[in-house]
Amino acid sequence: MAPRAYWKGYLRLSLVSCPIQLFPAISDREKVRFHLINKNTGHRIKYCKLDAETGKQVESQDIVMGYEVGGGQYVALTEDELKTIGIEGTHTIEIDQFVPRNEIDDLYLSRPYYMTPAGEIGRQAYGVIREAIRKEGMVALGRVVLTTREHVMAIEPHGKGLVGVTLRYPYEIRDEKDYFGDLPEEGVPREMLELGRKILAMKAGHFHPEQFEDHYERALRALIKRKQRGEKIDKPKKRPSAEVIDLMDALRQSAADGRSTPLAPHQRVTRRFKQVAAKRSSIRARKAS
227 MAPRAYWKGY
237 LRLSLVSCPI
247 QLFPAISDRE
257 KVRFHLINKN
267 TGHRIKYCKL
277 DAETGKQVES
287 QDIVMGYEVG
297 GGQYVALTED
307 ELKTIGIEGT
317 HTIEIDQFVP
327 RNEIDDLYLS
337 RPYYMTPAGE
347 IGRQAYGVIR
357 EAIRKEGMVA
367 LGRVVLTTRE
377 HVMAIEPHGK
387 GLVGVTLRYP
397 YEIRDEKDYF
407 GDLPEEGVPR
417 EMLELGRKIL
427 AMKAGHFHPE
437 QFEDHYERAL
447 RALIKRKQRG
457 EKIDKPKKRP
467 SAEVIDLMDA
477 LRQSAADGRS
487 TPLAPHQRVT
497 RRFKQVAAKR
507 SSIRARKAS
């Protein structure tokens, strides 16, 4: 069964436009999900919507959206009132500008969507827009309304198609100074840095997402099957507390553990060069002391 489009509309670049569809590029459906049940009966738990003051149940038709203005006071808005907010281009993604991809901080990236042509009529125009973006090596920015909210969308080629990623607004990004502002400008000793770089070089590789494995998800499914078979589930063992270790010793041990891994010729030359440099550095340090 073909997936259902999340959004349908038009993609427009100047006077060129084509009908398109958006499909969520990510899904959480495959993850294990739980329902709340009554352990005595095994029945599902249902929730009633109650008035916080009277305790009485409220019917769906009497529930509206409310914005708190302070002191427990709310401004109530109905669905019809919310629909009066007219945003131009509700069914059209208008490409406003092109920007370099490296100028978009990853913190702004929100949700990705596959953007496909809707039918054969717009395929040529779709291809023109896709290749124009690809040739420029830039990312197109447009606006789209999803679930009554307007989003800025970054659009770029992906294989034979286009991917649009909604972007967060600046007010949604927390100020990094609130988290990193108190970190001191700490210098890293040269020997420690070299050991750190050596460990990094030993673990360097390429990005292969197909090798990623969700160990918790796999263990969770195994636990459910064991429970289904009626097996006894033992209490989890107490985890040992983390040991406080010397950073320099940890770096040296980590670097030593990786020496048994075969190195390519260029890696062996690099390692020998670093060993000589480290030895010279150590001799100079002893002379200085």
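Throughout, our numbering is defined as the position within the sequence shown, counted from one, plus 226.
Backbone N, C-alpha and C define an ideal beta-carbon position, used for all residues, glycine too.
Keep in mind it's a predicted model, so treat the numbers as computed, not measured.
| Check | Outcome |
| --- | --- |
| Simplified DSSP state of Met-364, which is helix, strand or coil | coil |
| For Tyr-352, the three-state DSSP class (helix, strand or coil) | helix |
| Distance between Val-365 and Ser-240 (C-alpha atoms, nearest Å) | 16 Å |
| Beta strand (DSSP E) segment containing Leu-237, residue limits | 233–239 |
| Where Gly-390 sits in the DSSP three-state scheme | strand |
| Leu-276: CB within 7 Å of a non-hydrogen atom of the ligand ZN | Annotation note on the ligand ZN: not contained in the displayed structure, which lists no ligands. |
| Three-pair Cβ contact test at 8 Å for the segment 348–368 versus the segment 243–263 | yes |
| Below-8 Å beta-carbon distance, Met-341 vs any chain B residue | In the displayed structure, chain B is absent; only one protein chain is listed. |
| Three-state secondary structure (DSSP) of Leu-262 | coil |
| Closest Cα partner of Ile-289 within the set Gly-297, Val-301 and Gly-296 | Val-301 |
| Outcome for Met-418 when other beta-carbon atoms lying within 10 angstroms are tallied against a minimum of 16 | exposed |
| Close Cβ partners of His-261 (< 7 Å) along its chain, the five nearest in sequence each way excluded | Arg-270 |
| Helix, strand or coil at Ser-336 [DSSP, three-state] | strand |
| Cβ-based burial, Arg-356 [other Cβ within 10 Å; buried from 16] | buried |
| Under the three-state DSSP convention, the category Glu-376 falls into | strand |
| Rounded separation between Glu-420 and Asp-475 - CA only | 14 Å |
| Tyr-273 versus Val-258 - alpha carbon distance | 22 Å |
| Three-way DSSP call (helix, strand, coil) for Ala-476 in this model | helix |
| Which of helix, strand or coil DSSP assigns to Tyr-442 | helix |
| Residue from Val-242, Leu-477 and Pro-466 whose Cα sits closest to the Cα of Ile-347 | Val-242 |
| Inter-residue Cα distance where the pair is Glu-279 and Lys-265 | 30 Å |
| Cβ separation of Gly-235 and Thr-318, assumed to be a contact under 8 Å, to the nearest whole Å | 6 Å |
| Assigned exposure category for Ala-380 - 16 Cβ within 10 Å defines buried | buried |
| Given Lys-461 as reference, the closest of Pro-229, Leu-449, Phe-324 and Gly-298 once Cα atoms are compared | Leu-449 |
| Under the three-state DSSP convention, the category Arg-465 falls into | coil |
| Three-way DSSP call (helix, strand, coil) for Tyr-293 in this model | strand |
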